[in-house]
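Working notes, structure below.
Numbering (our numbering), first residue to last: 15 to 115.
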């Protein structure tokens, strides 16, 4: 890991956290900017873009079912990538460790 960190410090590569993994990309690579492919990635992207969003709104935006969003939310909770807070009788979703809200 030391050598990868040195490459990142020198701006030869950059990294991004995806789920439990950290992915490394060559600087200037188009791979890091790809669109999320799985519904779970899209759900996580929605939560990161709008902390405090609730499940039905995510389902509407992604044009999918509430059940599928609820399934992916449960998996993201299991992976400790998001957290749920009750507000106005709705479950609001936040990135893990997000202090807003």
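The C-beta atom is built at its ideal place from N, Cα and C for all residues, glycine as well. Here the structure is a predicted model, which means the values were calculated and not measured.
Cβ-Cβ distance between residue 69 and residue 107 below 8 Å: Going by C-beta atoms, residue 69 is nearer than 8 Å to residue 107.
Chain-order list of residues whose beta-carbon lies under 8 Å from that of residue 27 (same chain, five-residue window excluded): Taking residue 27 as the centre and dropping the five residues before and after it, the same chain places the C-beta of 18, 21, 38, 39, 40 and 41 closer than 8 Å to its C-beta, in chain order.
CB contact flag (residue 83, residue 91, <8 Å): Cβ distance not < 8 Å, so residue 83 and residue 91 don't count as in contact.
Sub-8 Å separation of residue 89 and residue 54 beta-carbons: The Cβ-Cβ distance between residue 89 and residue 54 falls below 8 Å.
Residue 107 - containing beta strand (DSSP E), residue span: From DSSP, the beta strand (DSSP E) with residue 107 extends over 104-109.
Nearest residue (CA-CA) to residue 85, options 24, 25 and 56: If we check each option's Cα against that of residue 85, 56 comes out closest.
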